[in-house]
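All remarks here apply to the structure that follows.
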Amino acid sequence: NCLEDYWSDGGKVETCTKCPDGKGVAAGAGTSEDTCSWKPCEAGQKLDLKLDQSKGCENCPADHWSDAGNTASSCTACPTGKGVDAGSGKQASDCTWKACNKGQYLDQTAGCKNCLEDYWSDGGKVETCTKCPDGKGVAAGAGTSEDTCSWKPCEAGQKLDQSKG
C-alpha cells in the first residue's frame with residue numbers, strides 16, 4: 163500500500179507517485195492521480211475551484227474570513243461596516259470596524275455615527291466628536307473640522323463680530 167498523499171494504479175509498479183502539491187489521499191486509498199483531492203485550507207483561505215483547479219488554497223479577499231480546515235470555495239463576509247485585510251481573517255472577531263468618514267465617530271457597538279449638532283470630527287476611529295467653539299455651530303454630521311463650525315445667527319438687535327461672535 164502507498165503512504166498517505168501517494169497513489170499507484172497497481173500492477174507491477176514498484177513505487178508510488180506523490181499527489182500534486184496541495185492535494186492528498188489517505189494511506190492505501192490512492193489508486194490514481196484523480197483520487198488525490200484538495201487538502202483543507204488554512205484559516206484565512208478558501209479553495210480556488212476554477213476550471214483548471216490548479217491553484218488549491220488562496221487567500222480570502224479583503225473583508226472576508228474563514229476558519230482553518232475550510233474546504234469551501236468561498237469565505238464568510240465580515241458584518242457591514244467591518245473589515246479585515248485579504249488573507250488575515252481567520253475568525254469572525256478578526257473583522258474590526260472600518261474607519262469613519264469625517265463628521266462621524268466610531269460607536270464600538272453600532273459602527274460609524276454622525277456627530278451631533280455643534281460637534282465635529284476628523285473621522286477615522288475616534289470615539290467622540292469635538293464641540294465647536296462657543297458661539298459657533300454646525301449641522302449634525304456636517305462638522306468635518308473646526309473650520310466647518312461657523313458663527314451662530316445673532317439674536318434680534320445684535321450684530322455679528324467675526325472675531326468673537
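If you read the sequence shown in the numbering used here, its first letter stands for residue 163, the second for the next number, and so on.
For glycine and all other residues, C-beta sits at the position ideal for the given N, C-alpha and C.
It should be emphasised that the depicted structure is a prediction, and the values quoted were computed from it without experimental measurement.
With 16 other Cβ atoms within 10 Å as the buried cut-off, status of residue i
| i | result |
| --- | --- |
| residue 312 | exposed |
| residue 231 | exposed |
| residue 165 | exposed |
| residue 208 | buried |
| residue 286 | exposed |
| residue 173 | exposed |
Whole-angstrom C-beta distance between residue j and residue i, which should lie under 8 angstroms
| i | j | result |
| --- | --- | --- |
| residue 220 | residue 210 | 5 angstroms |
| residue 190 | residue 200 | No, residue 190 and residue 200 are not in contact; Cβ-Cβ is about 20 angstroms, not under 8 angstroms. |
When the options are compared against residue i, the one with the closest alpha-carbon
| i | options | result |
| --- | --- | --- |
| residue 195 | 202, 303, 222, 186 | 186 |
| residue 284 | 246, 236, 297, 310 | 310 |
| residue 316 | 303, 298, 306 | 298 |
| residue 225 | 267, 314, 289, 258 | 258 |
| residue 301 | 206, 243, 265 | 265 |
| residue 294 | 288, 280, 303, 306 | 280 |
| residue 255 | 240, 306, 318 | 240 |
| residue 296 | 290, 314, 307 | 314 |
Range of the contiguous beta strand (DSSP E) that encloses residue i
| i | result |
| --- | --- |
| residue 278 | Taken as a continuous stretch (DSSP letters only), residue 278 belongs to no beta strand (DSSP E), as it is neither H nor E. |
| residue 220 | 218 to 221 |
| residue 252 | Where residue 252 is concerned, there is no enclosing beta strand (DSSP E), given that its DSSP letter is neither H nor E. |
| residue 314 | No beta strand (DSSP E) holds residue 314; DSSP gives it neither H nor E. |
| residue 266 | 266 to 269 |
| residue 159 | Since the first residue shown for the chain is 163 and the last is 327, residue 159 is missing from the structure and cannot be characterised. |
*Within the chosen definition, does the segment 247 to 256 reach the segment 272 to 285 through at least 3 CB pairs nearer than 8 angstroms?*
No, the segment 247 to 256 is not in contact with the segment 272 to 285.
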